[in-house]
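Taking it in order: structure first as C-alpha cells, then the write-up.
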DNA sequence: CGCTGCATTGAAGGCGGTCAAACTGCGTGG
DNA sequence: CCACGCAGTTTGACCGCCTTCAATGCAGCG
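Chains as they are written, first to last, in this note's numbering: chain C, 3 to 241; chain P, 3 to 241.
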C-alpha cells in the first residue's frame with residue numbers, strides 16, 4: 003500500500019527494508035474517497051496524516067467572494083497533510099480531484115518514529131520541505147511568468163513527479179482535472195486558461211483529451227516554462 | 003544571540019531552558035551582512051543553516067528576462083535556510099534587505115539534534131512547516147486577491163510576525179524595504195504597487211515614511227486583506 | 001430525448017504592465 | 001553653501017493580458 007511513498011522517498015535517499023517495514027506498520031487503516039469529496043476539512047484537528055496511495059488531490063482555500071485557490075496538487079505517494087502533524091489545525095481543506103485511495107498514519111505513531119527513527123524522521127521532514135520548494139516555484143510562476151509559461155510549468159512539474167511514482171508511460175499520463183480546477187490552480191479564469199491551453203496545443207507541445215495528457219515536445223515545454231527540476235530534489239543522497 | 007529564535011519557538015510550544023541551551027550551543031559563529039549582499043547563493047550546498055538574528059532578508063529567484071520574484075520575507079528569529087539542511091542544494095538565493103546580523107548552525111550539529119532531541123527536532127521541523135503555510139497564504143493572495151488586498155495581507159502578516167519577536171511598539175515597526183523590492187514580493191510592477199499603496203494611505207489604514215510603518219486601522223487592514231492569522235500557528239501547545 | 005457537466009468561442013471592459021518623465025531627499029564634493 | 005548625482009518615489013499616458021458575461025457546442029447518461 004505504501005509503495006508509491008517508498009518510490010518517492012527512495013528517489014531522494016536509500017530507504018532500508020527495515021524502515022520500509024516500520025513505515026508500513028505505521029500506516030494501516032485505508033479508505034476510498036470519490037472525486038469531489040473532502041479528504042480533510044479546513045479547521046479540523048486530525049489525529050492522523052493522510053497518505054495518498056492513488057489518485058489526485060488538491061489543497062485549497064475559498065475566499066469570501068467564492069473564488070477558490072488551489073495551493074498544491076498531490077499525487078500517489080504524497081502525504082497530503084503531513085504538515086498537520088506539526089501544525090495541528092488544518093488551515094485549508096483537501097479535496098479529492100479523482101477517486102482517491104488513501105491510508106492513514108496516526109500522529110501518535112509518527113511521534114514515536116520521531117523518538118526512535120532519526121533518519122526516517124528526516125525523510126518525512128524532507129517531504130514537507132519539498133512541498134515548500136514546490137510552493138515557492140508556484141509563487142515564482144504566478145508572480146512573474148506569463149499564463150502560458152505558468153501552465154507549461156505545471157505540466158512539467160507533474161510530468162516529473164508522476165514519473166517518480168511510475169504513473170507515466172510513453173510520454174502519457176492520466177490527468178483527471180477539469181479545466182475549471184486547473185484554472186483554480188493557476189489563479190486564472192477558466193476562459194483564459196482555455197485559450198492559453200490552445201496555444202500550447204496548436205504549437206504541438208502536448209495533447210490533452212479523455213483525461214490523458216501526452217507530452218509531444220518535452221524540450222519545448224521546458225523552454226516555455228523555464229523549468230528546472232532541481233527544486234524537486236531528485237538526487238539520491240544521505241539526508 | 004538566539005533570543006528571537008526562542009521567542010519564535012516559544013510562541014508555539016514550551017521550550018525548556020535545557021533545550022534553549024542546546025540550541026544556543028549549536029549556533030555559535032556569527033556574521034554581519036550589509037543590505038544588498040547575498041546571505042546564501044543559489045546553487046550552493048551550504049554545510050550550515052543561517053539564523054537571522056536581526057534584520058530583514060528575502061528568498062528570491064531571478065528569471066531569464068531579468069524579472070525577480072521574492073518567495074519569502076524573513077525577519078529576526080527566522081532560520082532563512084533551515085530547509086537546506088534537508089534539501090542540500092539551494093534552489094534559490096537569499097538576500098539581505100537591510101543590514102543583517104546572522105548566526106550559523108552547522109548541519110552536523112543539527113543532525114546530532116535529530117538523533118538525540120526529538121522534541122527540538124519537531125520544533126525545527128515545525129518552523130519549516132510554518133514557512134510552507136506562509137507560502138500557501140501568498141499563493142492564495144497572488145492568485146485570487148486584488149493587488150490592494152494582497153498588499154494589505156503582507157502588512158498584516160509582517161505586523162503579527164514582528165510582534166512575536168518584539169519588533170513592534172505603538173502600532174509601529176521598521177520596514178526597510180524599498181517599493182521596488184515590495185513589488186517583487188507581490189509580483190506586481192513598481193508603478194502599480196505605488197498606486198495601490200496610495201489607496202491604503204488615502205483610506206487612513208496605515209502610514210509609511212522613513213522606513214517606519216504605522217498601522218492606523220488594524221481592523222480595516224485585516225478586512226481589506228481578508229486576513230486570518232490562524233496559519234501562523236501562534237498557539238502554545240505540545241508539538 | 002433532454003439534461004447536465006464540461007469545453008469552446010466571442011465581445012467588451014478593467015486591472016495591472018510598460019514607458020517615460022518629474023520630483024524628492026540626501027550624501028558628496030567643489 | 002551650492003551643485004551634482006543617485007536612489008527611491010510619484011505621476012501621467014497608453015497598451016495589453018486577463019476577467020467577466022454570455023452564448024454555443026459537445027459528449028455522456030438516465
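Note that beta-carbon positions come from the ideal geometry of N, C-alpha and C, so glycine has one too.
Check: Taking residue 148 of chain C as the reference, give the member of P:67, P:36 and P:157 with the closest Cα.; Outcome: P:67
Check: Using a Cβ-Cβ cut-off of 8 angstroms (strictly less than) and excluding sequence neighbours within five positions of residue 123 of chain C, which residues of its own chain qualify?; Outcome: 115 and 116
Check: Starting from residue 63 of chain P and walking both ways along the beta strand (DSSP E), at which residues does that stretch end?; Outcome: 59-64
Check: Just checking, does the stretch 169-177 of chain P make contact with the stretch 119-134 of chain C on the three C-beta pairs under 8 angstroms criterion?; Outcome: no
Check: Does chain P have any CB closer than 8 angstroms to the CB of residue 63 of chain C?; Outcome: yes
Check: Tell me the DSSP secondary structure of residue 105 of chain C in three-state form.; Outcome: strand
Check: Would you say the stretch 27-42 of chain P touches the stretch 96-113 of chain P, given that touching needs at least three Cβ pairs under 8 angstroms?; Outcome: yes
Check: What residue range does the beta strand (DSSP E) around residue 168 of chain C cover?; Outcome: Element bounds for residue 168 of chain C: n/a, residue is neither H nor E.
Check: Consider the Cβ of residue 154 of chain C: report whether some Cβ of chain P lies at a distance smaller than 8 angstroms.; Outcome: no
Check: How big is the Cα-Cα spacing for residue 208 of chain C and residue 215 of chain C?; Outcome: 7 angstroms
Check: With hydrogens ignored, establish whether the beta-carbon of residue 8 of chain C is closer than 7 angstroms to any heavy atom of the ligand ZN.; Outcome: As for the ligand ZN, it is missing from this structure, which has no ligand bound.
Check: Since I believe residue 107 of chain C is in contact with residue 29 of chain C (beta carbons under 8 angstroms), could you give me their beta-carbon distance rounded to a whole number of angstroms?; Outcome: 5 angstroms
Check: Residue 141 of chain P versus chain C: which residues are under 7 angstroms apart at the beta carbon?; Outcome: 71, 73, 137, 140, 141 and 144
Check: Compare the C-beta of residue 101 of chain P with all C-beta atoms of chain C and state if any pair is closer than 8 angstroms.; Outcome: no
Check: Along chain C, in chain order, which residues have C-beta atoms closer than 9 angstroms to that of residue 66 of chain P?; Outcome: 228
Check: Would you list the one or two residues that DSSP bridges to residue 74 of chain C?; Outcome: C:61
Check: Let's see if you can read the secondary structure: which residues bound the alpha helix (DSSP H) around residue 95 of chain C?; Outcome: Where residue 95 of chain C is concerned, there is no enclosing alpha helix (DSSP H), although the beta strand (DSSP E) it sits in stretches over 95-98.
Check: For chain P, is any of its Cβ atoms less than 8 angstroms away from the one on residue 209 of chain C?; Outcome: no
Check: Just how far apart, CA to CA, sit residue 143 of chain P and residue 134 of chain P?; Outcome: 14 angstroms
Check: Say whether chain P places a C-beta atom closer than 8 angstroms to the C-beta of residue 220 of chain C.; Outcome: no
Check: Does DSSP put residue 191 of chain P in a helix, in a strand, or in coil?; Outcome: coil
Check: To test your reading of the DSSP string, which unbroken beta strand (DSSP E) runs of 3 or more residues are found completely within the stretch 186-235 of chain P?; Outcome: 208-211 and 214-217
Check: Pick from C:19, C:46, C:26 and C:11: whose alpha carbon is nearest that of residue 233 of chain P?; Outcome: C:46
Check: Whole angstroms is fine: what's the gap from residue 70 of chain C's alpha carbon to residue 179 of chain P's?; Outcome: 30 angstroms
Check: Taking buried to mean at least 16 other C-beta atoms within 10 Å of its own C-beta, is residue 227 of chain P buried or exposed?; Outcome: buried
Check: Just checking, does the stretch 197-208 of chain C make contact with the stretch 81-88 of chain C on the three C-beta pairs under 8 angstroms criterion?; Outcome: no
Check: Report the three-state DSSP secondary structure of residue 237 of chain P (helix, strand or coil).; Outcome: coil
Check: Could you tell me whether the Cβ of residue 18 of chain P comes closer than 8 angstroms to any Cβ of chain C?; Outcome: no
Check: In chain C, what lies closer than 9 angstroms to residue 116 of chain P by C-beta?; Outcome: 116, 120, 121, 123, 124 and 127
Check: Which residues, taken in chain order from the stretch 79-96 of chain C, show a beta carbon closer than 7 angstroms to some beta carbon of chain P?; Outcome: 85, 88, 89, 90, 91, 93 and 94
Check: Is the beta carbon of residue 163 of chain P less than 8 angstroms from the beta carbon of residue 189 of chain C?; Outcome: no
Check: For the alpha helix (DSSP H) that contains residue 83 of chain P, what are its first and last residues?; Outcome: Segment: none, residue 83 of chain P is in no alpha helix (DSSP H) and carries neither H nor E.
Check: Given a cut-off of 8 angstroms, decide if residue 54 of chain C and residue 76 of chain C are closer than it, judged by their beta-carbon atoms.; Outcome: yes
Check: Relative to the C-alpha of residue 182 of chain P, which residue among P:173, P:195, P:174 and P:230 is closest?; Outcome: P:195
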